[in-house]
Structures are given as structure tokens and as C-alpha cells.
Amino acid sequence: MEFDLVVLNGTLHQAHGSQPGDIGVRDGEIVEVVPAGILAGRSAGRVIEAAGLDVIPGCIDPHVHLDLKISDAITTCDDFESGSRAAACGGITTLIDFATPEPGETLQQAHDAWLARADGNSLVDYAWHMCLTDDSHLHQIDEMLRLGIPTFKEFMIYEERGLRSDDGRILETLRMMKQLGGMLLLHAESPEVLDHLVATRHDRELMQRYGARLHAMTRPDYVEAEAVQRAILWSEVTGGPLYLVHLSTARSADLIEAARKRGVPVTGETCPQYLVLDDSVFEREEDGHVFASCPQVKKPGDSERLWAALEAAGSAHEILSTVGTDTCSFTRAQKDTWGGDFTKIPMGLPGLDTMVPIMYTHGVQTGRLTMNQLVSLCSTNAANLMGLGDRKGSLQAGYDADIVIIDPEHKKAVDWRSLQSRCDWSPYQGMELGGFAKMTIARGRVVVDEYEVVEEGEAVGCGEFLRRKGRG
Ligand SMILES: [Zn+2]
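Our numbering puts the first residue of the sequence shown at 691, with every later residue one more than the last.
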């Protein structure tokens, strides 16, 4: 056999253009990408006819939390097994989680703990950013770079969970990122203003009156924007590359646009929930609280501005570079442990099944984004930023055979019962979406076929840990 598989006559979409083409795959790699019709008749283990279908490089979710324990009683309901199945059905073939040291642990220990969670359980490839939660971790950064982990994460909030970095540590980390060739991912929210707003509204009467709405009322947009502008300054004065995660506000898009114009090495990520949901969800009497996430979804004007920021993708004036899910799934029973107290809601949403479908339906099919921009935002940019640009994020010879095939005519109403996430609800329940993966090929293996996970044989647990490269 010349090829393990060939994909024929698809419309191949890359970050920089689209054309009809054929793809030949051997030993998990793309070995040929040629104009349509050229590979027809060549010998292949499997021939996949893709005429009339969109073919894109496997998408990369740079922001997931799987198998994450948030308290003694509560661990996310999705782990690498269910999360990677959801990813595959949603056209995502690379997951980047966040390894988080327990108090007193080294980065190496956190890395080992995350390997134990993922190894043999994931249908798609995986990696993790390393969370820096203690000053001693700064001395372990170069060791992580040698292990193939060039991206680090700090939090400006979550003092109570032992995760908070103060501005001194953030500044120092950015300096080291510049020096050592890494990148800092930052959860930017203003801890003092947020804690103040929460503390002064954490009151029985108010909770009875406003319920889950207090979650949004205590987290106005300036909680994020103040922190974003501060972090941008630290990036500017150190020259340390900064990637602001899960941006949810118009103000943040404005700040990043202005900073990038003056050459600050900052970029940002947003998430589908901030693009298609708004904080009216918290008004749902029965179950508004299930939508609680951190940051929470904001106002329609924020979504509007974030879409406009994404429309600049691929231009010289790019503002936001990536879309990630910030998957952090909790069941209704887990969410219900809040008992009416907005400070006790497990915060987070599922999203791996639906990220690419939302971007395809609300971005491409409405004409806001081109397919090339979708590929940039959901695959190529993340590959380049996260140190995978020499093997992921593009359909070209020598790259991993991560290939997703989408039928532009296929649409379905989201129903959590038919998704792979273990969540017993979906933030997008009932939404009509196209863009689900008709077929997903992960390093040459078909892992989704006709919208179903391929259960048998060598595909199960075939995902591998990806060693990534720093900026050199
Ligand atoms: Zn997150």
C-alpha cells in the first residue's frame, strides 16, 4: 500500500487559503497534499471521498480542565476519556490542559500527576500548560522547558485555593519568559475589587432576592478590564510574551488592540460562551446557576465586540488569536450543591463537543468569519503560539495527520444526551448547529466516523503527550 488512507476531492481550508485537494496519509503523517484528482487510483488502505465537504486541520483547544478536583467533594465530571471523545466529535484533535501543583508540590510532581490522568485514556493528543502557584516554581521553569512544556499559567485571583500570583511574581515570570523563550498565560481578574463586591453582597436577603444573578452582579466587566490593563503593562515593561485567557469583555478587546498597536507582545483568547451567551441566562428561575463560570458570560455588547475582534484574525491588526473552550464540566447535581449561595456554585461549563460547531455556525455560516479565519483561530494560531507549529495546525506534508471533515449541509439541534461530555445538561441545549465532525482523523487513525466515535481497536487511548517547543 502506498498510503494508509487518502482523502479525495475535499475543499481543503488552511489559515491562508482554500482549494480543492487530495491528502495522502502514511504512518500517522500527512505525506502528500496535492490538487484534487491526483491521488485517485493510487493504492490506499482506505479511500475517503470528500467531494462537497470541508476539510480542515484538526483543531486545538488551548484551554481545558479535565479530571480537575476543585474541592474534596467535587471533581469535574469530564476526564481525558470523555473529554477527548467530546473533542474528537467536535473536530478537536489536540487538548491542552493545565497541570496544577498541589500545595507543596514541584512542577515535576504536577507533570507526573497529569500524565497519570491522561496516559492511555485520551483519544486525541494532549499537553498541558504548567501552573506556577509558588515562588519556588520559578526556579523550575527551565526544567519544564526541557520536558517540552514552554507555556505557564498564573492566576490573579483564587487566593483561597492557593493559586493566586501577586504582581511581583507575575512581573518576574514575564521576565523569565522573555529570557527563556516561554509564554505566560494569565487569568486576569482584579482580586481586590472582586472580593470586595462579593463580600459586600454575600447577604441572605440579597441572595433570596437575586439568586444566581448575584454571580453576574458581583463580577462587572471592569473586574476583568482593570486586571488586563495592569498585566499588559507588565508585559510591556518586561517584553515577556503574555497570553490572556478566556477574555469575556469588550473592554479587554479594546485594551489588547491598543497594546498590540504599540508593539506589546500580548495576545488573547476568547471562548464560545462569551460569543453566543449573555448574562440573561442567570435570570432562569430554575437553573440559572448552572451557567456560572469564571469569568462569567457578560452583556450582548461584549459578545458583539469580541466577534468584531475575531474578524481581524489573520490581518496585520489581529487582536484575539485563539478560541478555546475553558471546558470545566459539572453535572446538575454538582452545580446544585450551591444551595442558593452564589459563592458556592462550582464554576465552569462543558464545551468540547460544541466549540467548532459554534464557530462554524455563528462565525462562518453567518459570514462573520471565513473558513480560513476559523482555521487560524481554532487551529493554526494555537499551534504556533503553543509550540506545535512544526507538526500541528496545517494540512501539509510532514505534519501530523490530524484531519477533520465537515459536511456544510449537516445541522442538528444540540441535545446533551447525544453529546460525549458526561454533563447532564448543555449551555447550548436546543441550539441548531452545523460544523460537527463527520469524520475526525487523529495522527492517521479514524477516531470519528459518520459523527460516531470509533470504539474498537487501536484508536482507543491512542492520544500521546506532545512535547512542545519554546521560542528558541
Ligand atoms: Zn480555565
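Built from N, CA and C at the ideal position, the CB exists for glycine as well.
Count the other C-beta atoms from every protein chain shown that fall within 10 angstroms of the C-beta of P1036, then say buried if there are 16 or more, exposed otherwise.
Answer is buried; the Cβ neighbour count reaches 16.
Relative to ligand 1, what is the chain-ordered list of residues with a Cβ closer than 7 Å to any of its non-hydrogen atoms?
H753, H755, F788, H877, V935, H936, D1016 and C1018
Would you say G991 and A917 are within 8 Å of each other, going by their C-beta atoms?
no
Just the C-alpha distance for D787 and C1018, rounded to the nearest angstrom, thanks.
So the alpha carbons of these two residues sit roughly 10 Å apart.
For M1049, tell me which candidate among C1068, G1038, D1031 and G958 has the shortest Cα-Cα distance.
C1068
I'd like to know whether the C-beta atoms of G929 and K843 end up nearer to each other than 8 Å.
no
Might you give, ordered along the chain, the residues of its own chain that have their beta carbon closer than 6 Å to the beta carbon of I1095, omitting 5 neighbours on each side?
A740, L743, V745, K1128 and M1129
Who are the near neighbours of A800 in its chain, counting only those whose CB is closer than 8 Å to its CB and skipping five residues on each side?
Hits under 8 Å: A789, T790, P791, E792, M820 and C821.
Residue from F981, D1092 and N1074 whose Cα sits closest to the Cα of Y1118:
The shortest Cα separation from Y1118 among F981, D1092 and N1074 belongs to F981.
Decide if the segment 994–1008 is in contact with the segment 1020–1036; the criterion is three or more beta carbon pairs, one per stretch, under 8 Å apart.
no
Classify D802: buried if its beta carbon has 16 or more other beta carbons within 10 angstroms, exposed otherwise.
exposed
Could you check whether L932 and P955 sit closer than 8 Å to each other, using their CB atoms as the reference points?
yes
Helix, strand or coil at I764 according to DSSP, with G and I counted as helix:
coil
Taking C779 as part of the alpha helix (DSSP H), name the residues at either end of that continuous run.
Boundaries of the alpha helix (DSSP H) around C779: F770 to C779.
By DSSP, does E975 sit in helix, in strand, or in coil?
coil
Can you name the residues that DSSP bridges to P710?
Looking at the DSSP assignment, P710 forms a beta bridge with T701.
For T1017, which three-state DSSP category applies?
strand
What does the alpha-carbon distance come out to for the pair A817 and A808?
9 Å
S1183 to Y964 span [Cα, whole Å]:
One cannot answer for residue 1183 here, as it falls past the ends of the chain, which runs 691 to 1162.
Find out if the Cβ-Cβ distance for the pair A777, L1109 is shorter than 8 Å.
no
Can you find the residues in the same chain that come closer than 7 Å, C-beta to C-beta, to G810, ignoring five residues on each side of it along the sequence?
In chain order, G1151 place their CB closer than 7 Å to the CB of G810, counting only its own chain and leaving out the 5 sequence neighbours on each side.
Give me, in chain order, the residues of the same chain whose beta-carbon lies closer than 7 Å to that of V1138; leave out the 5 immediate sequence neighbours on both sides.
A778, C779, A1127, M1129, T1130 and V1144
Using C-beta distances below 6 Å, list every residue in its chain close to I764, excluding the 5 sequence neighbours before and after it, in chain order.
For I764, where only same-chain residues beyond five positions count, the Cβ hits under 6 Å are Q1024 and P1036.
N-terminal and C-terminal residue of the alpha helix (DSSP H) that T863 is part of:
D857 to L870
Got a sec? Which residues, its chain only, sit under 7 Å from F972 by beta carbon, not counting five neighbours each side?
Only residues of its own chain outside the window of five on either side were considered, and among them A902, R903, H905, A906, G978 and F981 have a CB closer than 7 Å to the CB of F972, listed in chain order.
At 3 residues or longer, what runs of the beta strand (DSSP E) sit wholly inside the segment 871–897?
Here the runs fully enclosed are 873–877.
In the DSSP assignment, the beta strand (DSSP E) including L1059 goes from what residue to what residue?
Here L1059 belongs to no beta strand (DSSP E), and DSSP marks it neither H nor E.
W1115, DSSP secondary structure in three states:
coil
Evaluate contact between the segment 699–712 and the segment 1059–1075, counting only Cβ atoms and requiring at least three cross-stretch pairs below 8 Å.
Touching, yes.
For F1126, the three-state DSSP class (helix, strand or coil):
Of the three classes helix, strand and coil, the one that applies to F1126 here is coil, per DSSP.
DSSP beta-bridge partners of I1095
V745 and M1129
Pick helix, strand or coil for C961, following the three-state DSSP scheme.
C961 falls in the coil class under three-state DSSP.
So what's E850 in DSSP terms, helix, strand or just coil?
helix
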